[in-house]
Amino acid sequence: MSSGDVRVQCPYCFQIVDLSLDPETRGVTIQDCEVCCRPWQLTVKRRKRDGKLLVRVERAQ
Ligand SMILES: [Zn+2]
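Residue numbers for the sequence shown, in the working numbering: 184 to 244.
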């Protein structure tokens, strides 16, 4: 696992998907699910203490 790898669960099809995010990614981005192709809204933060990526996945409106 590199620092940009995160594991998320699709809010539509509930598949577990591994993402490789650019390590500089911050804020809100839209990305399609690799499995069902529906749009995710990803909220990406980086924890200051250890640099770990924190990613929240919601259904894009
Ligand atoms: Zn999906």
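Every residue, glycine too, gets a C-beta built ideally from N, C-alpha and C.
Kindly indicate which residue of the options has the alpha-carbon position closest to the one of residue i.
i: Pro222; options: Gln198, Cys193, Gly234, Arg232; result: Cys193
i: Leu237; options: Asp215, Cys219, Val218, Arg209; result: Arg209
i: Tyr195; options: Ser203, Val218, Lys235; result: Val218
Could you give the distance in angstroms between the alpha-carbon of residue i and the alpha-carbon of residue j?
i: Val211; j: Asp233; result: 21 Å
i: Leu213; j: Asp201; result: The question names Leu, but residue 213 in the sequence shown is Ile. Ile213 and Asp201: Cα-Cα distance of roughly 16 Å.
i: Cys220; j: Lys231; result: 32 Å
i: Glu207; j: Arg229; result: 9 Å
i: Ser186; j: Val227; result: 13 Å
i: Arg239; j: Val191; result: 8 Å
i: Gln198; j: Asp205; result: 22 Å
Which residues does DSSP list as the beta-bridge partners of residue i?
i: Val227; result: Gly210, Val238
Return the chain-ordered list of same chain residues with a C-beta closer than 7 Å to the C-beta of residue i, the five sequence neighbours on each side being excluded.
i: Ala243; result: Ile213, Pro222, Trp223, Gln224
Quick one: residues in its chain with C-beta nearer than 6 Å to the C-beta of residue i, no 5 flanking neighbours on either side, listed in chain order?
i: Ser203; result: Gly187, Asp188
Contact set, ligand 3 heavy atom to C-beta under 7 Å: You won't find ligand 3 in this model; what it holds is ligand 1.
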